[in-house]
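Heads up, the thing below is written out as structure tokens.
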Amino acid sequence: MERMILSVIFLILWKLGDPWLNDHVMLFREKTCDHLEAVLKIKLDQKWMLDRIQGLKYVRYMILLIILDIRFSYLVLFVLTFVFKSPYIRLRHKAKQHIQLVRYQFPIYLRQLQILLQNNTVVNAVELSLAYVPDVLKEDIHIFHTSLLEDSRSLNTYISQMQAYQLPEITRAFKWLYRYQSIGSQDAYRQFNRMILSTSKWLRQARIHQKQNAVGIYQWMGMLPLVGVTLVFISAMLSVALTLFERG
């Protein structure tokens, strides 16, 4: 009886608190949402948060199950948490995949840019490379090109690019481009060769990482038959044990 009263009171308070929840929904926004916005180039605004809260409202009446059995309280808590967190988890997974793709595609683009740098300045090389930029990098490179047209001599123009991905290799590459743009012709060739050597190493590591991820998927698939055999063996052992106990 006490559980029934508490559950009903909780549901009534939750229902009455809907207006306050809608007005203060941004208080429940995860701290890493800013990072996801920068990586995926999206806006996780109040509407996105309201949609997540709305999902909770659809399942909140499951709390009535607590009235029947207290053991269901853990199930209700799990469902509410999953419904609220699942949009964020999906976006975080998408952002992780996007960063991995950028990590793989950027050194390939940088090699193309290095070829253009042999006979062009950084500004002209970036402009000529726009037609060959991978889709995952197009928006970032267009922003970089616009910044170069405004001020190609400022260090901030280079180091402020693509910071959301938090990849030190990209930051280092933009610093090299700044040095290549700023230093005199006497040292330019040496810097250019250093950039090529570093990019070759980075590209090799990116390909190895990509291959390891692909192999890892097949390794898990190869474990499925072993898991199936293990479950069958455990079931057989349990069946034998139950039979022995029944016979005394």
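So the working numbering is basically just the index in the sequence shown, starting at one, shifted up by 100.
Ideal Cβ placement from N, Cα and C applies to all residues, glycine included.
All of these numbers come straight from a predicted model, not from anything done at the bench.
What is the DSSP secondary structure of residue i, counted as helix, strand or coil?
| i | result |
| --- | --- |
| M295 | helix |
| S335 | helix |
| K196 | helix |
| E239 | helix |
| D145 | coil |
| E269 | helix |
| Q205 | helix |
| R152 | helix |
| R129 | coil |
| I308 | helix |
| Q281 | helix |
| M323 | helix |
| Q212 | helix |
| Q261 | coil |
Please state if the CB of residue j and the CB of residue i are separated by a distance shorter than 8 Å.
| i | j | result |
| --- | --- | --- |
| P207 | T299 | yes |
| M262 | W276 | no |
| V265 | V223 | Looking at the sequence provided, one finds Tyr at residue 265 rather than Val. Contact: no. |
| I153 | V125 | yes |
| H198 | V139 | yes |
| V179 | G155 | no |
| L217 | Y280 | yes |
| I241 | L230 | yes |
| C133 | L144 | yes |
| L136 | A195 | yes |
| Y209 | L237 | yes |
| I259 | T271 | yes |
| L68 | R211 | Because the chain here runs from 101 to 348, residue 68 falls outside it and cannot be looked at. |
| A306 | Y232 | no |
| E359 | Y188 | The requested residue 359 does not occur in the structure, where the chain is confined to residues 101 to 348. |
| T257 | L267 | no |
Which residue marks the beginning of the alpha helix (DSSP H) containing residue i, and which one marks its end?
| i | result |
| --- | --- |
| V139 | 133 to 140 |
| L121 | 118 to 123 |
Can you determine whether any heavy atom of the ligand ADP sits closer than 7 Å to the C-beta of residue i, and answer yes or no?
| i | result |
| --- | --- |
| Y265 | For the ligand ADP, the structure offers nothing, since it holds no ligand at all. |
- Considering only residues of the region 214 to 259, which uninterrupted alpha helix (DSSP H) runs meet the minimum length of 4 residues and lie entirely inside it, listed in chain order? 222 to 229, 238 to 250, 255 to 259
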